[in-house]
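Numbering (the numbering used here), first residue to last: 61 to 499.
Cβ atoms here follow ideal geometry from the backbone N, Cα and C, with glycine treated the same way.
Keep in mind that this is a model prediction, so the values were computed, not measured.
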Amino acid sequence: MAERVVLGGALLCSADSTLQWDTGVWIKDGLIAGIDSNGLLCSDHPHAELVDARDLLLMPGLINTHMHSYGLLSHGMPAHGVQREFFELLDDFWWPYVEDKLDGPMIEAAMALACYHMIRGGITSFCDVLEAPNAPEGILESEANVVRAAGLRAVLMTEASERIDRARGERLLAENASFIRDHQNDEFISGMLCTHTSFSCSESFIELAGQTMQDLECDLHLHLSESAYEPKACLERYGERPVMWYDRLGLWSNSVLVSQAVAVDSDEIDILYERGVRVSHQPISNCEVGGGFAPVPAMIKRGIRPGLGTDGYVNSAFEVMRAAHLIQKAALQDLQVMPTRDVFSMATTWGAQALARPDIGEIKQGHWADLIGITMVTDTPLNSHNAVEQIAIYRDVEHVKLTMVGGNVLMKNGKVLSLDVKKVRQDANQQALRLWESG
61 MAERVVLGGA LLCSADSTLQ WDTGVWIKDG LIAGIDSNGL LCSDHPHAEL
111 VDARDLLLMP GLINTHMHSY GLLSHGMPAH GVQREFFELL DDFWWPYVED
161 KLDGPMIEAA MALACYHMIR GGITSFCDVL EAPNAPEGIL ESEANVVRAA
211 GLRAVLMTEA SERIDRARGE RLLAENASFI RDHQNDEFIS GMLCTHTSFS
261 CSESFIELAG QTMQDLECDL HLHLSESAYE PKACLERYGE RPVMWYDRLG
311 LWSNSVLVSQ AVAVDSDEID ILYERGVRVS HQPISNCEVG GGFAPVPAMI
361 KRGIRPGLGT DGYVNSAFEV MRAAHLIQKA ALQDLQVMPT RDVFSMATTW
411 GAQALARPDI GEIKQGHWAD LIGITMVTDT PLNSHNAVEQ IAIYRDVEHV
461 KLTMVGGNVL MKNGKVLSLD VKKVRQDANQ QALRLWESG
């Protein structure tokens with residue numbers, strides 16, 4: 061694909077831009093080379109391949125800044141006992157019956173299913189954490205092959221911790237490091253180091269991860285205070301809260317991305333902001349595990365710009381946007397918190413910042429042509445004043461009809477082109493059953 065012109069019924073470049081009617085984009089070598097009226101695009105680029113989306117609103121592709129694709133296999137899984145608290149959920153169920161049972165075929169099938177749902181729902185870039193300490197070596201490359209075939213942009217990693225033992229943690233840390241080196245010049249698939257929590261990693265292990273991050277000049281991802289359990293455990297063991305613990309160990313910098321950040325106080329938010337730590341917010345899964353409500357409005361007020369993540373619990377970025385918009389209003393009893401403009405930014409431009417990708421998240425000349433088209437048939441009028449609200453609150457997966465990544469068309473007219481949907485679902489169903497029956 062050398063050149064492609066996408067004609068749009070309307071174009072919204074970002075949350076802060078004005079809705080432009082009868083406007084599209086010119087794509088060259090996978091990048092946005094120009095934005096103009098449909099008429100001028102056709103006359104100026106008569107030999108470019110044409111994508112007619114004049115019945116759609118074009119907007120940036122959505123960015124999923126934290127997810128676990130393997131988690132899709134657990135949907136509907138039979139319960140094992142009754143868990144009432146976060147750590148019980150991990151220790152009694154999730155670790156022994158899900159994470160520790162995952163093998164190569166399960167992981168690949170789950171990734172293919174996740175990619176299908178993301179393409180179908182307008183997610184063009186994602187950050188995925190594999191938590192499978194018994195998976196075969198090379199599993200990240202297996203995942204990468206699935207993602208590349210699907211056509212999405214991804215940051216992949218496997219979680220390294222001492223939950224099983226130190227040797228296992230070091231092996232997984234080394235596997236991340238190898239993957240990062242192998243993909244350092246890959247615009248579509250890259251890696252991060254990944255640890256877990258202050259209750260599954262020792263101080264020396266975090267120091268090792270931090271040194272590896274410095275040596276590779278790469279990023280690192282971890283779960284932070286997903287519930288009150290981690291701060292309590294950290295205080296009991298070290299006499300300080302997790303953010304202060306990591307700070308003392310010298311880990312924090314703008315190369316670190318944390319997910320969750322639910323049970324953090326104002327002093328911890330100050331430190332995260334001052335160190336430039338990036339944050340990913342999972343409003344729906346935080347409810348699912350009984351973790352609580354992350355103080356995202358306070359983070360935004362302090363200057364942090366969080367991205368949004370599905371966490372593998374749901375597949376729709378639109379559901380996550382709505383949840384982020386609504387949950388905080390109820391929790392704080394404040395109608396003004398989490399305005400739709402911020403929520404839309406979290407799913408696009410702020411999400412790009414969270415993944416340290418300034419070349420995505422906005423329809424802008426020089427950026428990658430990662431964009432989606434959603435139907436403009438709305439129950440109430442769509443205009444320049446309400447476009448962000450209509451998208452973030454009143455649109456959903458079924459309204460996405462076009463998905464493009466790097467200028468490549470992955471879905472057109474609501475049909476995913478890069479994956480055999482029937483096979484993907486059949487494989488996922490079979491592998492889910494294998495997982496369920498393995499316990």
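**Study point:** Beta carbon of H105 nearer than 7 Å to that of V66
**Key:** On the sequence shown, residue 105 is found 45 positions in, with the first residue counted as 1. On the sequence shown, residue 66 is found 6 positions in, with the first residue counted as 1. No, Cβ-Cβ distance for H105 and V66 is not below 7 Å.
Practice item. Tell me, please, whether the stretch 144-155 touches the stretch 164-183 by the rule of three or more beta-carbon pairs shorter than 8 Å. Key: no
Review point. Where does the unbroken alpha helix (DSSP H) through C102 begin, and where does it stop?
Key: On the sequence shown, position 42 is the one that residue 102 refers to. Looking at the DSSP string, the run of the alpha helix (DSSP H) that includes C102 is N98 to D104.
**Study point:** Spatially closest choice to E263 from C73, W305 and C187, by CA coordinates
**Key:** By 1-based counting over the sequence shown, the position of residue 263 is 203. Comparing Cα-Cα distances from E263 to each of C73, W305 and C187, the minimum goes to W305.
Practice item. Kindly indicate which three-state DSSP category Q320 falls into: helix, strand or coil? Key: Translated into the one-based positions of the sequence shown, residue 320 becomes position 260. Here Q320 sits in strand by DSSP.
**Study point:** Pick from V465, H135, K475 and I432 that is closest to R208, judged by C-alpha positions
**Key:** By one-based count along the sequence shown, residue 208 stands at place 148. Nearest C-alpha to R208: V465.
Exercise for review: Below 7 Å CB to CB, which residues in the same chain sit around L462 once its five sequence neighbours on both sides are set aside?
Suggested key: As a working note, residue 462 is residue 402 in the sequence shown. Cβ within range, chain order: A113, L116, I432, G433, M471 and K472.
Point to revise | Start-end ranges of the alpha helix (DSSP H) lying completely within the stretch 215-276, minimum 4 residues | key: 226-242 and 263-276
Point to revise | Option nearest F248 by Cα separation, candidates E422, L477, G467 and V476 | key: Stepping through the sequence shown from its first residue, residue 248 is reached at position 188. It is G467.
**Study point:** Distance between K389 and Q396 (C-alpha atoms, nearest Å)
**Key:** Position 336 of the sequence shown, counted from the start, is the residue given in the question as residue 396. Position 329 of the sequence shown, counted from the start, is the residue given in the question as residue 389. Taking the straight line joining both Cα atoms gives about 7 Å.
Review point. Where do the ends of the alpha helix (DSSP H) carrying V356 lie?
Key: The residue labelled residue 356 in the question sits at position 296 within the sequence shown. Residues V356 to R362.
Check your understanding: Is it buried or exposed for P138, if we count other Cβ within 10 angstroms and need 16 for buried?
Key -> Residue numbering aside, residue 138 sits at position 78 when the sequence shown is read from its first letter. The residue is exposed, with fewer than 16 neighbouring Cβ atoms inside 10 Å.
Exercise for review: Would you mind working out which of K475, N236, E203 and S444 sits nearest S77, comparing C-alpha positions?
Suggested key: Counting from one through the sequence shown, the residue named residue 77 turns up at place 17. When only C-alpha atoms are compared, the closest one is S444.
Exercise for review: Select from I224, L332, M119 and I183 the residue whose C-alpha is nearest the C-alpha of S313.
Suggested key: Working through the sequence shown from its first residue, we reach residue 313 at position 253. Closest by alpha carbon: L332.
Review point. In three-state DSSP terms, what is G351?
Key: In the sequence shown, counting from the first residue as 1, residue 351 sits at position 291. Looking at G351 - three-state DSSP - the assignment turns out to be coil, as it is neither helix nor strand.
Practice item. Identify which residue in E222, D225, E230 and C175 has its Cα closest to the Cα of L14. Key: An answer regarding residue 14 cannot be provided, because it is not within the stretch 61 to 499 covered by the chain.
Check your understanding: What did DSSP end up calling C294 once you bin it into helix, strand or coil?
Key -> What you label residue 294 is simply residue 234 of the sequence shown in a count that begins at 1. C294 falls in the helix class under three-state DSSP.
Review point. When you compare only the Cα positions, how much space is there between P399 and R228?
Key: As a first step, residue 399 is located in the sequence shown; it is residue number 339 there, counting from the start. As a first step, residue 228 is located in the sequence shown; it is residue number 168 there, counting from the start. Answer to the nearest angstrom: the Cα atoms are 44 Å apart.
Check your understanding: Is it true that the stretch 445-460 meets the stretch 140-147, where meeting means three or more beta-carbon pairs spaced less than 8 Å apart?
Key -> no
Check your understanding: Among all the DSSP beta bridges, which residues are the ones paired with Q80?
Key -> Sequence index remark: in the sequence shown, residue 80 carries index 20 (1-based). L71, per the DSSP bridge assignment.
Exercise for review: Quick one: give me the first and last residue of the beta strand (DSSP E) that V207 is part of.
Suggested key: Sequence index remark: in the sequence shown, residue 207 carries index 147 (1-based). Run containing V207: none in the beta strand (DSSP E); it sits in the alpha helix (DSSP H), I199 to A210.
Check your understanding: Within this structure, are the beta carbons of G411 and I123 separated by less than 7 Å?
Key -> Counting from one through the sequence shown, the residue named residue 411 turns up at place 351. Counting from one through the sequence shown, the residue named residue 123 turns up at place 63. It is a contact, given that the beta carbons lie within the stated cut-off.
Check your understanding: Taking C-alpha atoms, which residue in T370, Q393 and R231 lies nearest to R382?
Key -> By 1-based counting over the sequence shown, the position of residue 382 is 322. Considering only alpha carbons, the answer is T370.
Practice item. Return yes when the Cβ of A195 is within less than 7 Å of the Cβ of L162, no when it is not. Key: Along the sequence shown, one-based indexing puts residue 162 at 102. Along the sequence shown, one-based indexing puts residue 195 at 135. Cβ distance < 7 Å, so L162 and A195 count as in contact.
Review point. In chain order, what residues of the same chain lie with their CB nearer than 6 Å to the CB of D307, ignoring the 5 residues before and after it?
Key: Here residue 307 refers to the residue found at position 247 when the sequence shown is read from its first residue. If we look at D307 and ignore the five residues flanking it on each side, its Cβ neighbours are I331.
**Study point:** Validate contact between the stretch 412-426 and the stretch 122-136 using beta carbons, cut 8 Å, 3 pairs
**Key:** yes
Exercise for review: Quick one: grab the DSSP three-state call for T370.
Suggested key: Residue numbering aside, residue 370 sits at position 310 when the sequence shown is read from its first letter. Reduced to three states, the DSSP call for T370 is coil.
**Study point:** Pairwise C-alpha distance: C254 and A354
**Key:** Position 294 of the sequence shown, counted from the start, is the residue given in the question as residue 354. Position 194 of the sequence shown, counted from the start, is the residue given in the question as residue 254. So the two alpha carbons sit approximately 21 Å from each other.
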